[in-house]
Each structure stands twice: as structure tokens, then as C-alpha cells.
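Chains as they are written, first to last, in my numbering: chain A, 1444 to 1816; chain B, 23 to 337. Structure, as C-alpha cells:
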């Protein structure tokens, strides 16, 4: 059995880790490329959203490189993602691929299907059902540790005194984490990561921006689709926070890496969005409102063309941007998105954020001068 | 006090209930006039450009009302039946309306969660009624009147066996029954000598039977209805062909469109034509396509002997 899951944030890392733990074969998903998109666009129906086209292209590439069992996560949310896997299966079958598709929904929605899916993996795995669940929890814990490393790196990269120091700390932390197996070892790797990042020399005096990155999972997390936004912003002296982490998405009840539980999401998103709106719209609005309240300089919002929850978020962002005087750039991504256009708009956003910053500083200096006089 | 109701989206399903709710607490409901070209244009200009056509039309209706009313009623519809969920656009509709800022009067957005326990979601309506000045008794009365008119959940439009040359027209009620949005599709089909049959004319029982044949359940209620009805038409060959009407950027519509096309390609089926509507849709283009499709259907029914006519073998 050669399992494959889509590439999205730390999902690949977690899946490989879990398969190693269970003794299942795993096939790495090829990196996203022009070819992935091309295959996806050719096979997928015209009107479905961009992530679905990408995932179909990516599944084809994975099958070509030897995968025979595709694992998809679906869930029964209101967004169209809940029917992805079924359409994907039909399209790939029509194209003549032979494979097995296991679609995992939340065990709360469809406990029986969830159980059956696990049962399908059991015969080939070296654990029993209980052991399997325990390994899933450990893999998730490891994914969370990886996401924490990413989070630290994006916050510090713009401030490092010595170029490459943050990336090196991240690489070393990741290496230590990869080898960790037991709960204690994972925690140890986390402690080591904190120490490594603590040792990175920072240039605290350097003027920098604070920018939030929010959006739909695939395009906001995968560098191929968002112009490698984390590094791009770091090069322009912006410390970055991001709303989504893959391990958070699999954690019921909250987003521990982001640092929000469900109740905090609800209260942070209010009064802009007062109900769950499917996908990750709610948490994105909550994070953006939080960034605005904390005085961030800008927010970049990536979403697939016509994405249902994110278009609602985009509508609401107009209100948040107005109330807090914080620029929010919504960029819609699809197979037509041009890199040059994206870069121009991002540069304009950064320029705007800097000039806002200077204006605010000047205003503060005026006020101080007036108070002194 | 006047409260506005935009004649768009779910008003086509629940409008009667909402109107009777306002009526019975002594508030004058102001319903926007039928969609016009100007409404579509102003909606398309003011709503986000990536929202679907019905949301743009809804925005146009809201703007139409803003001078005439003291508040607008935009209920947040969460679900229609047990086990189903609404499209995200219905969930976030009040939030989108509020984000239009100073342009709008206050937005009243009580929850409407038909799958949930009645006492729970109707509480918000009772509170709303009291906030609008009704007594506790009048509020309870208004809620029960609303529930009464919701009971026959779908309007029964021209039930009974279709006669003549039946052609299925599948799509959301708010697209199909809005003359401007669908560019008079039903009338056009009729004037070309065919009898349009819509999804709510297919009995729930038949819809459910077809849905059971799908590997994965669809969780959007209206889409369930559409898919079940289309499969029923195809597998019983009870209509000559199907026109599937979808709006551009409609999420659930894009998924079930793909599903229907795939189902139709897997076994002998009746002909299918997909029409995608947006604010740029022009009458002439639509007309030509429907004409061509109907001509083709008539040609098939004339030439193919009844036994050779595509007939689904499904349940």
C-alpha cells in the first residue's frame, strides 16, 4: 500500500511521519509546478474552484509516481470542499487511473465511515486500532511542533542581525524534530527549538512592519501559489503572523498554534462575522480583526477565485480596513494569476504600510511637540 | 415603522413566512419590486465582484430599499432540513450586508435553523419581535404564524402530470423564477412549444430514492433537491431533456453541475444542457442556445423509435 496525501502546509510532514509509525508505504507528493496546474485545469470541471483543480493535478502526479491509495480529508462543512473527494474520484476513474480513495470526515459527523477507513488501513499497519489512534495523536503533536517552528521563523526572519540565522535555526529545529518519536522526544525537540531561536541574534532597533497573512489553506500556506509570501515579506522587513496552520485545522476546539480557541475566535470575529461561514472564513476574520486591534501595518489575504467563505471574508475586510485604517490586500488566485501583477500589488501594499507608519509617527511627534509647548 | 425585505435569494422560499411575521407584530413589510436591469447593475457595482449573481441581485434589492425603510430583515438561514447545511453565502449574508457600511439602514438578522430544535432558533425571532415593540404574547403569535406558513416548505407550482413536450429546468428557485435573472427562461421554453418542468414538481420521495444511489451524500439542501430531481428525470425518462441553470461563481452549483454531468455520462441518459448565468448574460445568446437544444430534442423524439429512446435503467 502506497499512501499519498495532498501537499498543504505541514500535512505532508505529518502524513509521512504517521505512515512511518504505522509501517505503511508513503509516496511523497511531487512539488507543485506549472504541470500540476495544467493537468488539473485540463481534467477538472471549468467552474470548480482552484484548489480542487490543483489537487486533481497533484493526485495525477502522485499516482504517476507510484501511489495507489489517496487519502483525502473532506468533512461536511458548508463550503464546496465537502464534495471535492467524490468529484476527484469520478474524474480520475474516468481517466482510467486505478487507485483507492479514502475520504476522512470528522469522526463526529460520520463515525462509522471514519472507523471503516481506519479499518481499511489496519491490515497493512503494524499496530492495532488503539495503537493507531495513539500514533495519529503523536503525529499531530509533531505537526504542531513543526508549525510552531514555522511560526517563530516567520516572526523573526525580518529582524535577524545576521542573514540566514533564522533559517538555520529553523532547519536545525526541524531536523531534531524529524527524528523524534515518543511524546517526550517531541517535547524535547520543542525545547531545543525554543533554545535555538532564543540564540538567534536580533536587530531590535531595525524599523520593521508587522503584516498578517490570512486566507484559504492551500493558497495562503503553499509558497508556490502565494509567491513565497513569507520570505518575500521578510526581505522587505516585515515580521509576519499567519492565521492558518495545518495542525490547527486537525485540532478540534481551537487553533493552538495560532493561540485561539473557538470562543476566542467567535469574540474576535464579532461584530464583523457573527457565525461560522464555512472553510476557514471565521478564523480568518477573527485573526484579521485581531491584527487590526493590535495595530498591524497591513494584512495580505490570499484566496482562490470565487472561494465561498473567503469572498464573504473579503467583503467584511473592507469594513475592518476602514475602521482601523489598516490596508488589507485581497488577492484572488487561480490558474490565470500572473506573478508580475501580484508582485506589483504587494509592493504597493508594503509602500502604503510604510507611508502610513511614517504619517502616524509624524502625527505622534506633532502631538508630543504640542504637549511640550 | 417599516421593515424592508429584498425580493431575492431565500425570499423566494421563505418570503411568505417573513412577511406574515412582520405583519402580525404590526410592522409594515416593504418588499422590493421585481428585479430589473437597474437592480442587477447596481448590485453588480456594489457587491464584491466575486460573489455569485444571486448575491449581487440581492445587493441590488437592498440598495433599492434603503431610502424607503427604517430597517431591513436579512435572516441568517443556517439549514433547511436535518442533516443539511446551507451554502456559506446564506450564513454570511447579514455580515456582508452590514459591511456595506453607512449605505444601509440597520440590518435585522435573526437565526433560522430549521434542522435545530424549534424552541432554540425561534427565540431570536421572539426577541426581535419584542425589540420591535410587540408584547410577549404578540411575539409568540407572530412566530407561530411564521412557522405555519413555512410548513408547506415549497410553493406547489402547477403540480400534476406535465402534458405535451416536457423539458426539465433545474436550478435554484431564486434563479429560475426570477424573470430578469433567468431572462424569462420558463416563458421562452413555453413559447417554443415545450412544457417546462421544475425541480419542486418532483415528489420528495422520488428525489430521496435517487439520492440514495450516490456514494457520497450531498449536504446542501437545495442542491439535494436539484440532483435528485435531475436524476429522477433522466432515469425514468420522464422529460425529453434537462436544462441545468447555474449562476457563475455558485459554489454548490459548480460541484453538483460536475456531479450531474458525470452521472449522465456513466449510463444512458437524456440530453443535458448547462446554462451559466451572470450579470452579463444576454438574451440573444440564451435564446439561440435554448432554441437549438429544443430543436435537437424534438429531432430525437421524432427520429428515434420509442424503444430506442434513451431510457435510464436506474432504480
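All C-beta atoms in this analysis are idealised placements derived from N, C-alpha and C, irrespective of residue type, glycine included.
Residue i - DSSP class collapsed to helix/strand/coil
i: residue 206 of chain B; result: coil
i: residue 1574 of chain A; result: helix
i: residue 105 of chain B; result: coil
i: residue 126 of chain B; result: coil
i: residue 256 of chain B; result: helix
i: residue 41 of chain B; result: helix
i: residue 1715 of chain A; result: coil
i: residue 299 of chain B; result: strand
i: residue 239 of chain B; result: coil
i: residue 1774 of chain A; result: strand
i: residue 1447 of chain A; result: strand
i: residue 50 of chain B; result: strand
i: residue 250 of chain B; result: helix
i: residue 1520 of chain A; result: coil
i: residue 284 of chain B; result: helix
i: residue 1402 of chain A; result: Nothing can be reported for residue 1402 of chain A: it is not among the residues displayed for chain A, which extend from 1444 to 1816.
i: residue 1624 of chain A; result: coil
i: residue 218 of chain B; result: strand
i: residue 1800 of chain A; result: helix
i: residue 277 of chain B; result: helix
i: residue 1768 of chain A; result: coil
i: residue 269 of chain B; result: strand
i: residue 1739 of chain A; result: coil
i: residue 1752 of chain A; result: helix
i: residue 189 of chain B; result: strand
i: residue 194 of chain B; result: coil
Anticipated Cβ contact below 8 angstroms, residue i with residue j, distance rounded
i: residue 1480 of chain A; j: residue 1452 of chain A; result: Wrong, their Cβ atoms sit about 19 angstroms apart, outside the cutoff.
i: residue 1525 of chain A; j: residue 241 of chain B; result: 6 angstroms
i: residue 1645 of chain A; j: residue 1604 of chain A; result: 6 angstroms
i: residue 266 of chain B; j: residue 34 of chain B; result: Going by Cβ atoms, the distance from residue 266 of chain B to residue 34 of chain B rounds to 18 angstroms, so no, they are not a contact pair.
i: residue 132 of chain B; j: residue 115 of chain B; result: 12 angstroms between Cβ atoms; not a contact.
i: residue 1636 of chain A; j: residue 1592 of chain A; result: 5 angstroms
i: residue 221 of chain B; j: residue 192 of chain B; result: 5 angstroms
i: residue 270 of chain B; j: residue 168 of chain B; result: Actually they are not in contact, since the Cβ atoms of residue 270 of chain B and residue 168 of chain B sit about 33 angstroms apart, beyond 8 angstroms.
i: residue 83 of chain B; j: residue 29 of chain B; result: 6 angstroms
i: residue 1820 of chain A; j: residue 1470 of chain A; result: In the structure as shown, chain A starts at 1444 and stops at 1816, and residue 1820 of chain A therefore has no counterpart that could be examined.
i: residue 70 of chain B; j: residue 1757 of chain A; result: 6 angstroms
i: residue 96 of chain B; j: residue 66 of chain B; result: The Cβ separation is near 19 angstroms, so there is no contact.
Nonlocal neighbours in the same chain, by C-beta distance under 6 angstroms from residue i, ignoring five residues either side
i: residue 1676 of chain A; result: 1654, 1683
i: residue 1503 of chain A; result: 1482
i: residue 338 of chain B; result: Residue coverage of chain B in this structure runs from 23 to 337, which leaves residue 338 of chain B outside it and unanswerable.
i: residue 274 of chain B; result: 109, 242, 245
i: residue 32 of chain B; result: 99
i: residue 1730 of chain A; result: 1657, 1686
i: residue 286 of chain B; result: 294
i: residue 52 of chain B; result: 24, 26, 90, 91
i: residue 1670 of chain A; result: 1785
i: residue 148 of chain B; result: 161, 165
Residue burial classification, residue i (beta-carbon count within 10 angstroms, cutoff 16)
i: residue 58 of chain B; result: exposed
i: residue 1448 of chain A; result: buried
i: residue 1539 of chain A; result: exposed
i: residue 1786 of chain A; result: exposed
i: residue 1589 of chain A; result: buried
i: residue 250 of chain B; result: buried
i: residue 1804 of chain A; result: exposed
i: residue 117 of chain B; result: buried
i: residue 200 of chain B; result: buried
i: residue 326 of chain B; result: exposed
i: residue 1648 of chain A; result: exposed
i: residue 204 of chain B; result: buried
Residues near residue i by beta carbon distance below 8 angstroms, same chain, minus five either side
i: residue 311 of chain B; result: 295, 297
i: residue 1792 of chain A; result: 1741, 1743, 1770, 1772
i: residue 1815 of chain A; result: none
i: residue 230 of chain B; result: 250
i: residue 1478 of chain A; result: 1500, 1504
7 angstroms CB neighbourhood of residue i in its chain, flanking five on each side removed
i: residue 1484 of chain A; result: 1496, 1778
i: residue 210 of chain B; result: 309, 312
i: residue 1460 of chain A; result: 1582, 1585
i: residue 88 of chain B; result: 125, 126, 127
i: residue 1762 of chain A; result: 1715
i: residue 1570 of chain A; result: 1465, 1578
Unbroken alpha helix (DSSP H) runs of length 4 or more, entirely within the segment 1460 to 1518 of chain A: which are they? 1477 to 1486, 1493 to 1507
Relative to chain C, which residues along the segment 110 to 122 of chain B have a C-beta separation below 7 angstroms, given in chain order? Among the protein chains of the structure shown, namely A and B, there is no chain C.
Let me know the beta strand (DSSP E) ranges lying completely inside the segment 1522 to 1585 of chain A, each 3 residues or longer, listed in chain order. 1543 to 1547
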